[in-house]
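Residue numbers (the numbering used here): 1 to 96. No residue lacks a Cβ here, since even glycine has one placed at the ideal position from N, Cα and C. Report on the following structure.
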Amino acid sequence: MSKKISQRLLYFSLQYPQMYSDKENVFNCIQRAHQNTLEVYPSWLILQLIAGFAFPLSASVLGVIWVTSRFSYAHGYYTGGTSYLSLFKILKGVCM
């Protein structure tokens, strides 16, 4: 996801440390999806580690589902499609 941010910074001619654009809504969507992932990742990683000690198989399956739904959620957010976002919010919430 950070690669996508770097590409879009160059594409929309934005400079660091400007995190959001006043004009480009697509860039703002990409940035929000990336920031949301960064906010959730530390707590997910700790919970995944704890669950991995007690239930390794279940934790690995749910971890794969969480990561997959996270990428799908981000892709949906990038493209502006909101029809599947609620499904992926539910999936990532269940897996956490």
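### Message
Using the Cβ count rule (16 or more neighbours within 10 Å means buried), how would you classify Ile30?
### Response
buried
### Query
If we ignore side chains and look at the alpha-carbon of each, how far apart do Ala51 and Ser43 end up?
12 Å
### Query
Taking DSSP as the reference, what is the three-state secondary structure of Ser6?
helix
### Contact belief for Ala59 with Ala33 at Cβ below 8 Å, rounded distance in angstroms
The Cβ separation is near 25 Å, so there is no contact.
### Query
Phe12 and Ser21 look like a contact to me (Cβ under 8 Å); what is the Cβ gap, rounded to whole Å?
6 Å
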